[in-house]
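> My structure is below; once you've seen it, I'll send some questions.
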């Protein structure tokens, strides 16, 4: 088969792009087999669709920038903690969706539906366990990621804003833990949440209003559970997903930090270069 | 950081970046391996530890319960236990956590030196290690504040019924009764009858101060038994 010349246009327009690069001599004597032809056409169709989408979105430039950007020398396993946290969040999202398919957010039925998930639903106990322990894993990973950022001095110029975004993500994740704790609606979760909301209520100025907002009134009532459910599965996950987007955008734009001790190695050649 | 230091950092970073490898496939490979480990740990924990026992269905009129938070809130819970005087409780519940959070969030705005190596930032590194040790210690203490022993006080037989309500309502989770019960967050109740009359006790149970749950949902006869029992503790 003919090798494709390097001058092949990057974004083939649909239709007329084949003959432009095909060697006519080859075409003459070559008994191109049926299989080859199908293969060719499949590749064509593939690049055709990709080209069509790319022409209208410019996605390939973005993807190329995202995937083939360089990460600095010395990048090691500590740098996987951030993506691992995001992966734990994704796991929470997926298991959470499955739990939501069976969960009933009403004070009379919540407890029974959780027992139904645990005892009757196929793999229900596993998914509920994954959601429960996934929260623990996510919190641990966040703190490890934060520790790496702190001890590597990665929060310094020019990445100050991304540190702030990260702290907000930490607070939101802990708020997830708090709101999710009420949902099984057993005595432990109920009374722990009563205490937690009371604690919120002792805050200055805003505290009492925030507590009333969380309780959906001045007392724990029927609407409290649905309110916690909505906050737990709609409000906070949306915020977290959006802020993860911002977080990763900034990481891509600014680049991940190099391990701090690499700096010293580099100083000498740099200075020599300047002289 | 001064402007020259910023420029210097960016220049050095550019060189380190040039010497690096592309994100795909090198970093992506590591991230994928890590993602598999995370998933394996989550599934492993779910299989080994299960989904966790449910207690009884939530009952606002209370039966036995222990108001314990998830483990990653133990350090806040313990803070509440350590700080005793009622007028300082707000410090433990809102003051200290909020200040810490704001302090952490604004870290890059007051720690602006160009140095990044942890061993050359002694103050930051020491504070960081101290903060981690503090949280670990408080979490450990919080984890070991187990469900309290059964409350048993010397009271007249007439008010014995109230002791059952005390144990059912889990008062000992936050209050000390003689030898039984936890030291905080709430005040000791061994001699509460000497300080508050029955009316005062009833008022506190209906309109508790601070973080204490409201007990007005108790059935009237249980509520009265509880009040009489507490009033007899002198």
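Protein chains in written order, with my numbering: chain L, 10 to 284; chain P, 337 to 570. Think of the CB as a built atom: it goes at the ideal place given N, C-alpha and C, for glycine as much as any other residue.
(1) Can you list the residues of chain P that residue 124 (chain L) reaches, using a CB-CB cut of under 8 Å?
(2) Please check if any C-beta of chain L sits within less than 9 Å of the C-beta of residue 458 (chain P).
(3) Measure the C-alpha to C-alpha separation of residue 493 (chain P) and residue 202 (chain L) and round it to an integer number of angstroms.
(4) Identify each residue in the stretch 42–72 of chain L for which the Cβ-Cβ distance to at least one residue of chain P is less than 7 Å, and report them in chain order.
(5) State the DSSP-derived secondary structure class of residue 159 (chain L), mapped to helix, strand or coil.
(6) Are at least three pairs of beta-carbons, each pair with one atom in the stretch 453–466 of chain P and one in the stretch 376–393 of chain P, less than 8 Å apart?
(7) Run through chain L and tell me which residues come within less than 7 Å of residue 377 (chain P), C-beta to C-beta.
(8) Quick check: the Cα distance between residue 489 (chain P) and residue 541 (chain P), rounded to an integer number of angstroms?
(9) Which residue marks the beginning of the alpha helix (DSSP H) containing residue 254 (chain L), and which one marks its end?
(10) Would you say residue 556 (chain P) lies against chain L (beta-carbon separation less than 9 Å)?
(11) Starting from residue 81 (chain L), find everything on chain P with Cβ-Cβ shorter than 8 Å and list it in chain order.
(12) Leaving aside the five residues before and after residue 8 (chain L) along the sequence, list all residues of the same chain whose C-beta is less than 8 Å from its C-beta, in chain order.
(13) Consider the Cβ of residue 566 (chain P): report whether some Cβ of chain L lies at a distance smaller than 9 Å.
(14) Quick one: grab the DSSP three-state call for residue 433 (chain P).
(15) Which chain L residues sit within Cβ distance under 8 Å of residue 549 (chain P)?
(16) Considering only the alpha carbon of each residue, which of P:383, P:552, P:408 lies closest to residue 471 (chain P)?
(17) List, in order along the chain, the chain L residues whose C-beta lies closer than 9 Å to that of residue 534 (chain P)?
(18) At a CB-CB cut-off below 9 Å, which residues of chain L make contact with residue 345 (chain P)?
(19) Helix, strand or coil: which one does DSSP assign to residue 123 (chain L)?
(20) Which word fits residue 266 (chain L), buried or exposed, when buried means at least 16 other C-beta atoms lie within 10 angstroms of its C-beta?
(21) Label residue 72 (chain L) either buried or exposed according to how many other C-beta atoms from any shown protein chain fall within 10 Å of its C-beta, with 16 as the threshold for buried.
(22) Determine, using beta carbons only, whether residue 366 (chain P) and residue 89 (chain L) come nearer to each other than 9 Å.
(23) Should residue 91 (chain L) go down as buried or exposed, given a rule of 16 or more other Cβ atoms within 10 Å for buried?
(24) Could you name the residues of chain L that residue 470 (chain P) contacts, counting a contact when the two beta carbons are closer than 9 Å?
(25) DSSP on residue 409 (chain P), reduced to helix/strand/coil?
(26) Quick check: is the beta carbon of residue 114 (chain L) nearer than 9 Å to any beta carbon in chain P?
(27) Who are the near neighbours of residue 168 (chain L) in its chain, counting only those whose CB is closer than 6 Å to its CB and skipping five residues on each side?
(28) Let me know the secondary structure DSSP gives residue 10 (chain L) once reduced to three states.
(29) Identify the continuous alpha helix (DSSP H) that holds residue 239 (chain L) and give its terminal residues.
(30) Run through DSSP, which three-state label would residue 516 (chain P) get?
(31) Can you name the start and end residues of the alpha helix (DSSP H) that residue 383 (chain P) belongs to?
(32) Measuring only between beta-carbons, confirm whether residue 246 (chain L) sits less than 9 Å from chain P.
(33) Straight-line CA distance for residue 476 (chain P) to residue 410 (chain P)?
(34) Please report the distance separating the alpha-carbon of residue 284 (chain L) from that of residue 370 (chain P).
(35) Given a cut-off of 9 Å on the beta-carbon distance, is the pair residue 268 (chain L) and residue 161 (chain L) in contact?
(36) Starting from the beta carbon of residue 560 (chain P), find every residue of chain L whose beta carbon is closer than 9 Å, and list them in chain order.
Straight from the coordinates:
(1) Position 115 of the first chain, counted from the start, is the residue given in the question as residue 124 (chain L). The answer, in chain order, is 390.
(2) The residue you call residue 458 (chain P) lines up with position 122 of the second chain. Answer no: the Cβ-Cβ gap between residue 458 (chain P) and chain L never drops below 9 Å.
(3) One-based indexing of the second chain puts residue 493 (chain P) at position 157. One-based indexing of the first chain puts residue 202 (chain L) at position 193. Each residue's Cα considered, the two are about 35 Å apart.
(4) none
(5) Taking the first residue of the first chain as 1, we reach residue 159 (chain L) at position 150. Of the three classes helix, strand and coil, the one that applies to residue 159 (chain L) here is helix, per DSSP.
(6) no
(7) Working through the second chain from its first residue, we reach residue 377 (chain P) at position 41. Here the neighbours are 146.
(8) Sequence index remark: in the second chain, residue 489 (chain P) carries index 153 (1-based). Sequence index remark: in the second chain, residue 541 (chain P) carries index 205 (1-based). If you take the alpha carbons of residue 489 (chain P) and residue 541 (chain P), they lie about 20 Å apart.
(9) For the purposes of this step, residue 254 (chain L) is identified with residue 245 of the first chain, where counting begins at 1. Start and end: 245–263.
(10) For the purposes of this step, residue 556 (chain P) is taken as the residue at position 220 of the second chain. Not one chain L Cβ lies under 9 Å of residue 556 (chain P).
(11) Taking the first residue of the first chain as position 1, residue 81 (chain L) is located at position 72. Here the neighbours are 349, 352, 353, 355, 356.
(12) Here chain L covers residues 10 to 284 and nothing more, so residue 8 (chain L) does not appear.
(13) In the second chain, residue 566 (chain P) corresponds to position 230, counting from 1. No, its Cβ sits nowhere closer than 9 Å to a Cβ of chain L.
(14) Start at 1 with the first residue of the second chain, and residue 433 (chain P) comes out as number 97. Correct three-state label for residue 433 (chain P): helix.
(15) As a first step, residue 549 (chain P) must be located in the second chain, where it is residue number 213. Result: 200, 203, 204, 207.
(16) Counting from one through the second chain, the residue named residue 471 (chain P) turns up at place 135. Nearest option by C-alpha distance: P:408.
(17) Here the question's residue 534 (chain P) lines up with position 198 in the second chain. Ordered by position in chain L, no residue passes the 9 Å Cβ test against residue 534 (chain P), which lies about 24 Å from the chain.
(18) The count along the second chain starts at 1 and reaches residue 345 (chain P) at position 9. The contacting residues are 165, 166, 167, 272.
(19) Here residue 123 (chain L) is taken as the residue at index 114 of the first chain, counted from 1. Helix, per DSSP.
(20) Along the first chain, one-based indexing puts residue 266 (chain L) at 257. Residue 266 (chain L) comes out buried.
(21) Position 63 of the first chain, counted from the first residue, corresponds to residue 72 (chain L). So residue 72 (chain L) ends up on the exposed side.
(22) Locating residue 366 (chain P) in the second chain gives position 30, counting from the first residue. Locating residue 89 (chain L) in the first chain gives position 80, counting from the first residue. Yes, the pair counts as a contact, with Cβ atoms nearer than the cut-off.
(23) By one-based count along the first chain, residue 91 (chain L) stands at place 82. With 16 or more Cβ atoms within 10 Å of its Cβ, residue 91 (chain L) is classed as buried.
(24) The sequence position of residue 470 (chain P) within the second chain is 134, counting from 1. Within 9 Å Cβ-Cβ: nothing; residue 470 (chain P) doesn't reach chain L, min ~13 Å.
(25) Position 73 of the second chain, counting from 1, holds the residue named residue 409 (chain P). Of the three classes helix, strand and coil, the one that applies to residue 409 (chain P) here is helix, per DSSP.
(26) Translated into the one-based positions of the first chain, residue 114 (chain L) becomes position 105. With 9 Å as the cut-off, residue 114 (chain L) does not count as an interface residue toward chain P.
(27) As a first step, residue 168 (chain L) must be located in the first chain, where it is residue number 159. If we look at residue 168 (chain L) and ignore the five residues flanking it on each side, its Cβ neighbours are 263.
(28) Taking the first residue of the first chain as 1, we reach residue 10 (chain L) at position 1. Note that residue 10 (chain L) has pLDDT 47, beneath the 50 cutoff, so the model's placement of it is unreliable and the number below is only indicative. Note: residue 10 (chain L) maps to coil in three-state DSSP.
(29) Here residue 239 (chain L) is taken as the residue at index 230 of the first chain, counted from 1. 231–239 is the extent of the alpha helix (DSSP H) around residue 239 (chain L).
(30) Position 180 of the second chain, counting from 1, holds the residue named residue 516 (chain P). Of the three classes helix, strand and coil, the one that applies to residue 516 (chain P) here is strand, per DSSP.
(31) Locating residue 383 (chain P) in the second chain gives position 47, counting from the first residue. Where residue 383 (chain P) is concerned, the enclosing alpha helix (DSSP H) stretches over 364–385.
(32) Position 237 of the first chain, counting from 1, holds the residue named residue 246 (chain L). Judged by the 9 Å Cβ criterion, residue 246 (chain L) is not in contact with chain P.
(33) Here residue 476 (chain P) is taken as the residue at index 140 of the second chain, counted from 1. Here residue 410 (chain P) is taken as the residue at index 74 of the second chain, counted from 1. If I take the Cα positions, the gap works out to 8 Å.
(34) Start at 1 with the first residue of the first chain, and residue 284 (chain L) comes out as number 275. Start at 1 with the first residue of the second chain, and residue 370 (chain P) comes out as number 34. Because the pLDDT of residue 284 (chain L) is 45, which lies under 50, any placement of that residue in the model is unreliable, and the number read from its coordinates should be weighed accordingly. If I take the Cα positions, the gap works out to 44 Å.
(35) The residue labelled residue 268 (chain L) in the question sits at position 259 within the first chain. The residue labelled residue 161 (chain L) in the question sits at position 152 within the first chain. For residue 268 (chain L) and residue 161 (chain L), yes; Cβs fall inside 9 Å.
(36) As a working note, residue 560 (chain P) is residue 224 in the second chain. By Cβ distance, chain L contributes nothing, its closest Cβ being about 22 Å from residue 560 (chain P), past 9 Å.
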